[in-house]
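All residue numbers for the sequence shown refer to the working numbering, where the first residue is 94 and numbers rise by one. Have a look at the structure below before the remarks.
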Amino acid sequence: MRVIAPADEVRKGDCVQWYFAVMRRYTGFDDRAHRTEFWLFMLWTTVITVALIILDTVLGTGTDYFGLFETLYTLAAVVPSLAVGARRLHDIGRSGWWQLILLVPIIGLIVLIVWWATEGDGAPNRWGRDPGEHAPAT
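Structure below.
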């Protein structure tokens, strides 16, 4: 069985499709993710979350801390976010379990951002082929 990476599914310059490619592979914790895949997913997740916060505010469907639509989306996006984060860490040769470093306030987030922004190994590793081999130029 051939695993289809998002880079194989996405046309050059189609940044929204990276988001949908990650959502289609929401349970895929076992291979690698290109930086473009990870960061465009995070960008669109942030844009959608902000839009839903505004919608919750306009419609009055939230409290001071939680909005109905924003909370539902956050719950729907948590597993895909963890999966793409783990795959991104796999690309630099680290286990996805390193995401638990987020439990260390501030420092954990800084370390993960640096790792997520680091260029991948560029060669096959124990999690699969280099996702950059077939990634479209953006």
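Even glycine gets a Cβ: it sits at the ideal position worked out from N, Cα and C.
Return the chain-ordered ranges of every beta strand (DSSP E) run that is complete within the stretch 173-227 and spans a minimum of 3 residues. none
Taking D149 as part of the alpha helix (DSSP H), name the residues at either end of that continuous run. Along the sequence shown, read from residue 1 onward, the residue named residue 149 stands at position 56. First-last of the alpha helix (DSSP H) with D149: 128-152.
Using the Cβ count rule (16 or more neighbours within 10 Å means buried), how would you classify W190? By 1-based counting over the sequence shown, the position of residue 190 is 97. Looking at its Cβ environment, which holds fewer than 16 other Cβ atoms inside 10 Å, W190 is exposed.
For L196, count the other beta carbons within 10 Å of its own beta carbon; 16 or more makes it buried, fewer makes it exposed. Which is it? Locating residue 196 in the sequence shown gives position 103, counting from the first residue. With fewer than 16 other Cβ atoms within 10 Å, it is exposed.
Whole angstroms are fine: how far does the CA of H183 sit from the CA of A170? Your numbering for residue 170 matches position 77 in the sequence shown. Your numbering for residue 183 matches position 90 in the sequence shown. Rounded to whole angstroms, A170 to H183 spans 20 angstroms at the Cα level.
Give the straight-line distance between the Cα atoms of I147 and P217, rounded to the nearest whole angstrom. As a working note, residue 147 is residue 54 in the sequence shown. As a working note, residue 217 is residue 124 in the sequence shown. Rounded to the nearest angstrom, the two C-alpha atoms are 43 angstroms apart.
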